[in-house]
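Under our numbering, the first residue of the sequence shown carries the number 165, and numbering increases by one thereafter. Quick reminder that beta carbons are idealized off the backbone N, C-alpha and C, glycines included. On a predicted model such as this, the values are computed, not experimentally measured, just so you know. Reading through the structure tokens given below for one structure.
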Amino acid sequence: MNKLTIMESSVQKWNRIIAGERSDGGVIDCPPCRIFYMLVCIGCPIAEYTGHKFCKGSPYGRWHHHQIEAHDKLFKKIYCDECLQLATEMRDFMIEIVEHLKAKQDGK
Ligand SMILES: [Zn+2]
């Protein structure tokens, strides 16, 4: 899998969360984390894009925080309008990175 494919599966993951078909398992089911996390988070396309490791600078922090503060449930999924809003932002951010990687690929 190349980075573009990985980020495309991440877009799909968030689309399914938005559709209410699944929950977010964080590191365990994040396609780039599964390959790049390894406790050090090196080489992940999200980290390269934001310039920060561990998803800092992405909407993920707000999603995670909201899930804990507002719902505190075992499964991180859509419970309210704000969940939907934050998951949509995360999905859109993944799309932004896909577009960025595509542009980089085309430029070569
Ligand atoms: Zn919520």
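Between Lys240 and Asp188, the C-beta spacing is below 7 Å. With a beta-carbon spacing of about 12 Å, Met171 and Met254 fall beyond the 8 Å limit used to define contacts. A Cβ closer than 6 Å to some heavy atom of ligand 1 marks a residue here, and those residues are His230, Ala234, His235, Tyr243, Cys244, Glu246, Cys247.
A distance below 7 Å between beta-carbons, with the five flanking residues on each side excluded, links Ile261 to the following residues of its chain, in chain order: Met171, Pro209, Ile210, Tyr213. Look at Asp188 here: in three-state DSSP terms it is strand.
Note on Leu250: 16 or more other CB atoms within 10 angstroms of its CB, so buried under the neighbour-count rule. Put simply, of Arg186, Cys247, Ile182, Ala183 the residue whose alpha carbon is nearest the alpha carbon of Gly225 is Cys247.
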